[in-house]
Amino acid sequence: MDDNAPRGCRLTAANAMTEVSAEIFPPRAVDLDLVEVGRRLFSREARFIAGASTAAALPGDTLPEIAFAGRSNVGKSSLVNALTGRRTLARISNTPGRTRQINFFDLDERLMLVDLPGYGYAEAPKIEMRRWTALLSRYLQTRAALRRVCLLIDSRHGIKAVDHPLMLLLDDAGVSYQIVLTKTDKLEAGELALTAERTRGEMAAHAAAHPEIHLTSALKRRGIIALRAMLSGFAVFPAPASAVAVAEPPR
Ligand SMILES: Nc1nc2c(ncn2[C@@H]2O[C@H](COP(=O)(O)OP(=O)(O)O)[C@@H](O)[C@H]2O)c(=O)[nH]1
Ligand SMILES: [Mg+2]
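Throughout the sequence shown, residue numbering follows this note's numbering, covering -18 to 232 in sequence.
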């Protein structure tokens, strides 16, 4: 078990544990209490609170934040919807490059989920692309409440050159990030294991990258339980009376 495994794992033969382990690479036992905390947290109300297309429009950072980043069409909005159990919370688009703002979703006043604009969409007008890139960099480099970036990577393709600038930016800024492979329903188990292994190897050179990879399919709802459990470790409990309390990172 690596040093990132939650303390207090119960190594019994519970079915849920076996199921959850396979949603993380390398597979490991997950604390069932944390799974329950995650399940409860994500069953609470998630509210869209702001869509910012300029730095001035960013809402105050009142809660610990988890941002979802990745190239256009990788499945960011679908994953936010799957996590929160809502079909239409974050807009899902069949047209790449549609999400042009940073969208903030307040989860029960405990955690902020942030759907970032996608990158790598070649057909977007250059001037707009520069504007999104500037906004994205500014947000990632300066956001005090940002606890972790989930960097979504299409499991069919793995990490591509288009993902490197963001990874380097996060390494430089010292923002903790973690790879979440998406659309795993499109792959056979063996292919998925190979991609996960290769991706893990590629991440080793990145200073701010968390070594664990989450394997998800928003379509088939795979990996959602384990991801909820991990993210709930960043939430504030109980909800702060004033809006300023921000949780310490879990480790
Ligand atoms: N097969 C499959 N398709 C997915 C999955 N997640 C998203 N998609 C599809 O990928 C496309 C882009 O998804 P979206 O969430 O809008 O991506 P975003 O641009 O990163 O926000 C849509 O057509 C989704 O239906 C998944 O887990 N499996
Ligand atoms: Mg989107």
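For each residue, glycine too, the CB sits at the ideal point set by N, CA and C. Every value quoted in this text rests on a predicted model; they were computed, and no experiment measured them.
Measuring only from the beta carbon, is ARG52 closer than 8 Å to any heavy atom that is part of ligand 1? The count along the sequence shown starts at 1 and reaches residue 52 at position 71. Result yes, Cβ under 8 Å from ligand 1.
Requested in this report: Answer yes or no: do GLY56 and THR163 have a C-beta to C-beta separation smaller than 9 Å?
Outcome: Taking the sequence shown and counting its residues from 1, one reaches residue 56 at position 75. Taking the sequence shown and counting its residues from 1, one reaches residue 163 at position 182. Yes. Within cutoff.
> Secondary structure at ALA170, three-state DSSP: helix, strand or coil?
Replying inline: Position 189 of the sequence shown, counted from the start, is the residue given in the question as residue 170. Three-state result, ALA170: helix.
Q: Count the other C-beta atoms from every protein chain shown that fall within 10 angstroms of the C-beta of ASP14, then say buried if there are 16 or more, exposed otherwise.
A: In the sequence shown, the residue the question calls residue 14 occupies position 33. Answer is exposed; the Cβ neighbour count stays below 16.
Relative to the C-alpha of HIS195, which residue among LEU88, PHE49, LEU151 is closest? Position 214 of the sequence shown, counted from the first residue, corresponds to residue 195. That would be PHE49, whose Cα lies nearest to the Cα of HIS195.
Exercise for review: Determine, using beta carbons only, whether TYR100 and LEU117 come nearer to each other than 9 Å.
Suggested key: If you number the sequence shown from 1, residue 100 lands on position 119. If you number the sequence shown from 1, residue 117 lands on position 136. In contact: TYR100 and LEU117 (Cβ atoms closer than 9 Å).
- Query: The beta strand (DSSP E) spanning GLN159 covers which residue range?
  - Reply: Taking the first residue of the sequence shown as position 1, residue 159 is located at position 178. That run of the beta strand (DSSP E) goes 158 to 163.
With respect to the beta strand (DSSP E) encompassing VAL130, which residues constitute its N-terminal and C-terminal limits? For the purposes of this step, residue 130 is taken as residue 149 along the sequence shown, with counting starting at 1. 127 to 135 is the span of the beta strand (DSSP E), which, as asked, contains VAL130.
Under 9 Å between C-beta atoms of ASP42 and MET110: As a position in the sequence shown, residue 42 is number 61, starting the count at 1. As a position in the sequence shown, residue 110 is number 129, starting the count at 1. No, Cβ-Cβ distance for ASP42 and MET110 is not below 9 Å.
#### Entry: Every unbroken beta strand (DSSP E) inside the region 47 to 122 [3 residues or more]
83 to 88, 92 to 96
Which same chain residues end up closer than 6 Å to LEU39 when comparing Cβ atoms and leaving out the 5 residues on each side of it in sequence?
Against the sequence shown, residue 39 aligns to sequence position 58. Once the five neighbours on either side are set aside, the close Cβ partners of LEU39 are ALA33.
Should THR65 be counted as a contact of ligand 1 given a C-beta to heavy atom distance under 8 Å? The residue you call residue 65 lines up with position 84 of the sequence shown. It does not: the Cβ of THR65 is nowhere closer than 8 Å to a heavy atom of ligand 1.
Query raised in the report: Would the beta-carbon of GLU172 fall within 9 Å of that of PRO7?
Result: Here residue 172 corresponds to residue number 191 of the sequence shown, with the count starting at 1. Here residue 7 corresponds to residue number 26 of the sequence shown, with the count starting at 1. Their beta carbons are not under 9 Å apart, which means GLU172 does not touch PRO7 by this criterion.
Rounded to whole angstroms, what's the CA-CA distance from ARG25 to ARG209? Just pull it up for me.
One-based indexing of the sequence shown puts residue 25 at position 44. One-based indexing of the sequence shown puts residue 209 at position 228. Straight-line Cα distance between these residues: approximately 12 Å.
Rounded distance between the beta-carbons of ILE206 and GLU4, thought under 8 Å: As a working mapping, residue 4 is identified with position 23 in the sequence shown. As a working mapping, residue 206 is identified with position 225 in the sequence shown. GLU4 to ILE206, Cβ: 7 Å. Contact.
CA nearest to the CA of ASN255, picked from LEU151, LEU132, ASP153: Nothing about residue 255 can be read from this structure; the chain reaches only from -18 to 232.
- Task: Classify ALA33 as helix, strand or coil using the three-state DSSP reduction.
- Result: Translated into the one-based positions of the sequence shown, residue 33 becomes position 52. The answer is strand: DSSP assigns ALA33 an E or B state.
| query | Can you tell me the Cα-Cα spacing of SER198 and LEU168, whole angstroms? | reply | Here residue 198 corresponds to residue number 217 of the sequence shown, with the count starting at 1. Here residue 168 corresponds to residue number 187 of the sequence shown, with the count starting at 1. Taking the straight line from one Cα to the other gives about 10 Å.
Requested in this report: Take PHE218 and list the residues in its own chain whose beta-carbon comes closer than 6 Å to its own, dropping the five residues that flank it on each side.
Outcome: Residue mapping note: residue 218 aligns to position 237 of the sequence shown, counting from 1. If we look at PHE218 and ignore the five residues flanking it on each side, it has no Cβ neighbours.
* **For ALA199, three-class secondary structure by DSSP** => What you label residue 199 is simply residue 218 of the sequence shown in a count that begins at 1. Three-state result, ALA199: coil.
CA-CA distance, VAL204 and PHE23?
Within the sequence shown, the letter at position 223 stands for residue 204. Within the sequence shown, the letter at position 42 stands for residue 23. For the sequence presented, residue 204 should be read as Gly rather than Val. Cα-Cα distance, rounded: 14 Å.
Is DSSP giving PHE23 helix, strand or coil here?
-> Walking along the sequence shown from the start, residue 23 turns up at place 42. In the structure shown, PHE23 sits in a helix (DSSP, three-state: H, G or I).
*Output the boundary residues of the alpha helix (DSSP H) element that contains ASP152.*
Walking along the sequence shown from the start, residue 152 turns up at place 171. ASP152 -> alpha helix (DSSP H) spans 145 to 154.
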